[in-house]
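According to UniProt numbering, the sequence shown holds residues 1 to 67 in order.
Everything on this sheet refers to the single structure shown next.
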Amino acid sequence: MQAKNSGKLKVVKAFSSGALLQLRHTHAKFDFIYIDGSHVALDVLSDAVPCWPMLDVGGMLAFDESR
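Here is the structure:
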């Protein structure tokens with residue numbers, strides 16, 4: 001089974017610091033950003049801050065197991 005919008009899905013497997021920098025330069029907007037990164041509070045914040053401008057209106061930012 002395939003979702004109707006599966007062609008719009010982009011999975012980026014990379015360290016967030018480099019991937020977020022590259023994605024910011026594309027000026028793309030995302031409905032959903034999921035980060036499975038460091039569990040250290042300062043690292044989570046460092047991932048979250050550059051994501052906000054990339055989220056489309058009504059978009060969602062999710063983290064895996066943040067503390």
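Glycine is no exception: its CB is placed at the ideal position from the N, C-alpha and C atoms.
Beta-carbon gap between residue 56 and residue 30 smaller than 8 angstroms: What you label residue 56 is simply residue 56 of the sequence shown in a count that begins at 1. What you label residue 30 is simply residue 30 of the sequence shown in a count that begins at 1. Closer than 8 angstroms, so yes.
Distance between residue 54 and residue 32 (C-alpha atoms, nearest Å): Stepping through the sequence shown from its first residue, residue 32 is reached at position 32. Stepping through the sequence shown from its first residue, residue 54 is reached at position 54. Going from the Cα of residue 32 to the Cα of residue 54 covers about 10 angstroms.
Beta-ladder partner(s) of residue 42, from DSSP: Counting from 1 along the sequence shown, the entry for residue 42 is found at position 42. DSSP output for residue 42 lists no bridge partner at all.
Beta carbon of residue 19 nearer than 8 angstroms to that of residue 11: Working through the sequence shown from its first residue, we reach residue 19 at position 19. Working through the sequence shown from its first residue, we reach residue 11 at position 11. At the C-beta level, residue 19 and residue 11 stay beyond 8 angstroms of one another.
Alpha carbon of residue 52 to alpha carbon of residue 25, nearest angstrom: Taking the sequence shown and counting its residues from 1, the one referred to as residue 52 is at position 52. Taking the sequence shown and counting its residues from 1, the one referred to as residue 25 is at position 25. Whole-angstrom Cα-Cα distance: 14 angstroms.
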